[in-house]
Amino acid sequence: MANENAVKVTSNNTVKSAAKSASAPASSSSDKALELYYRLVEFYEKNQQLVIGAGVVLVLVVGGFVFWNQQQATREAEASAMLRKAMTAYKDENFELAVNGDSTSAGLAKLVTQFSGTATGETAKLYLANIYFQKGSLDSALQLYSSISTSAPLVAAAATAGEAACYEQKKDFKKAASLYKSAAAKVGNDSYVSVYLNDAARAFELAGEKKEALELLERLKKEFSDTKEGRDAEKAIARLKS
Numbered sequence: 242m243a244n245e246n247a248v249k250v251t252s253n254n255t256v257k258s259a260a261k262s263a264s265a266p267a268s269s270s271s272d273k274a275l276e277l278y279y280r281l282v283e284f285y286e287k288n289q290q291l292v293i294g295a296g297v298v299l300v301l302v303v304g305g306f307v308f309w310n311q312q313q314a315t316r317e318a319e320a321s322a323m324l325r326k327a328m329t330a331y332k333d334e335n336f337e338l339a340v341n342g343d344s345t346s347a348g349l350a351k352l353v354t355q356f357s358g359t360a361t362g363e364t365a366k367l368y369l370a371n372i373y374f375q376k377g378s379l380d381s382a383l384q385l386y387s388s389i390s391t392s393a394p395l396v397a398a399a400a401t402a403g404e405a406a407c408y409e410q411k412k413d414f415k416k417a418a419s420l421y422k423s424a425a426a427k428v429g430n431d432s433y434v435s436v437y438l439n440d441a442a443r444a445f446e447l448a449g450e451k452k453e454a455l456e457l458l459e460r461l462k463k464e465f466s467d468t469k470e471g472r473d474a475e476k477a478i479a480r481l482k483s
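If you use this note's numbering, the sequence shown corresponds to residues 242 to 483, in order.
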């Protein structure tokens with residue numbers, strides 16, 4: 242029963258982390274666009290004597306850059322709108338609609354395929370993994386969680402915590418504990434650090450590693466006394482030492 246509760250807690254934490262980070266603006270495409278623009282301008286400056294109609298070429302370069310950037314921005318805006326619709330379906334526990342979408346909007350599965358590597362695609366991947374996890378498809382969930390690549394701390398931490406939850410459900414508690422600790426180190430938000438450290442302490446205890454569990458609980462008590470996990474740590478410490 243304790244293990245089932247642990248998994249539910251972790252799943253909720255993962256969803257919360259994903260939801261808060263899903264609306265973060267993506268900058269990767271604009272950065273790539275600027276990089277492309279400057280490379281093209283640099284090429285023009287170095288080779289302008291070799292270029293016939295250099296002025297026209299530069300206009301085409303700049304025009305092409307602007308058009309490409311606008312297209313990317315439009316594409317990402319459309320993807321974000323579809324993701325928001327899928328997230329709403331997810332929160333309503335309409336998993337079929339969330340995964341497959343409908344005639345007006347793509348679902349998570351399609352977003353993951355079409356926008357892999359973007360902020361929208363990686364967040365969609367996280368939500369899809371959560372659905373697999375909640376349905377008990379641990380291997381599918383684990384594969385998605387482990388493949389998420391993002392610079393957004395909340396999403397990265399949530400993905401790692403999702404991996405941990407899968408291993409905890411598989412009863413590989415030591416691996417789960419290590420991943421929860423990693424999630425705490427990644428998240429960059431004290432509200433979630435305490436949650437993930439508490440998850441790690443619980444997993445270490447389930448693994449029979451009481452020393453490691455106590456170390457984390459002592460840290461929670463000392464550094465996060467204003468959180469629920471910090472306040473509950475003292476009771477857990479007393480129980481483990483008894």
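Cβ atoms here follow ideal geometry from the backbone N, Cα and C, with glycine treated the same way. All values derive from a computational prediction rather than experimental measurement.
Just confirm the distance between the C-beta atoms of residue i and residue j, as a whole number of angstroms; I'd bet it's less than 8 Å.
i, j, result
"Phe414", "Ala448", "4 Å"
"Lys482", "Gly471", "Between Gly471 and Lys482 the Cβ distance is about 17 Å, and since that is not below 8 Å, they are no contact."
"Thr361", "Leu324", "5 Å"
"Gly403", "Phe374", "7 Å"
"Leu420", "Thr391", "About 16 Å separates the two Cβ atoms, so there is no contact after all."
"Met328", "Tyr368", "7 Å"
"Ala417", "Ala405", "5 Å"
"Ala350", "Val340", "5 Å"
"Ala425", "Cys407", "Wrong, their Cβ atoms sit about 17 Å apart, outside the cutoff."
Buried or exposed, going by whether 16 or more other CB atoms sit within 10 Å of the CB of residue i?
i, result
"Ala398", "buried"
"Arg227", "As displayed, the chain neither begins before 242 nor continues past 483, which places residue 227 out of reach and without an answer."
"Leu452", "At residue 452 the sequence reads Lys, which differs from the Leu that was named. Exposed is the call here."
"Glu492", "With the chain running from 242 to 483 in the structure shown, residue 492 is simply not present."
"Asn439", "buried"
"Glu337", "exposed"
"Gly342", "buried"
"Ser435", "buried"
"Asn371", "buried"
"Leu345", "Note that residue 345 corresponds to Thr in the displayed sequence, not to Leu. The residue is exposed, with fewer than 16 neighbouring Cβ atoms inside 10 Å."
"Lys376", "exposed"
"Lys366", "buried"
"Thr468", "buried"
"Ser321", "buried"
"Gly429", "exposed"
"Ala318", "exposed"
"Glu409", "buried"
"Lys411", "exposed"
"Lys332", "exposed"
"Ala474", "buried"
"Ala479", "exposed"
"Lys422", "buried"
"Lys427", "buried"
"Phe356", "buried"
Using the DSSP secondary-structure output, state which residues sit across from residue i in a beta bridge.
i, result
"Gly342", "Ala347"
Are there any heavy atoms of the ligand GDP lying less than 7 Å away from the beta-carbon of residue i, as far as the coordinates show?
i, result
"Ile389", "You won't find the ligand GDP in this model; it holds no ligand whatsoever."
**Study point:** Unbroken stretches of the alpha helix (DSSP H), 4 residues or longer, contained in the region 389-414
**Key:** 394-410
Practice item. Enumerate, from N- to C-terminal direction, the unbroken beta strand (DSSP E) stretches of 3 or more residues contained entirely within the region 444-470. Key: none
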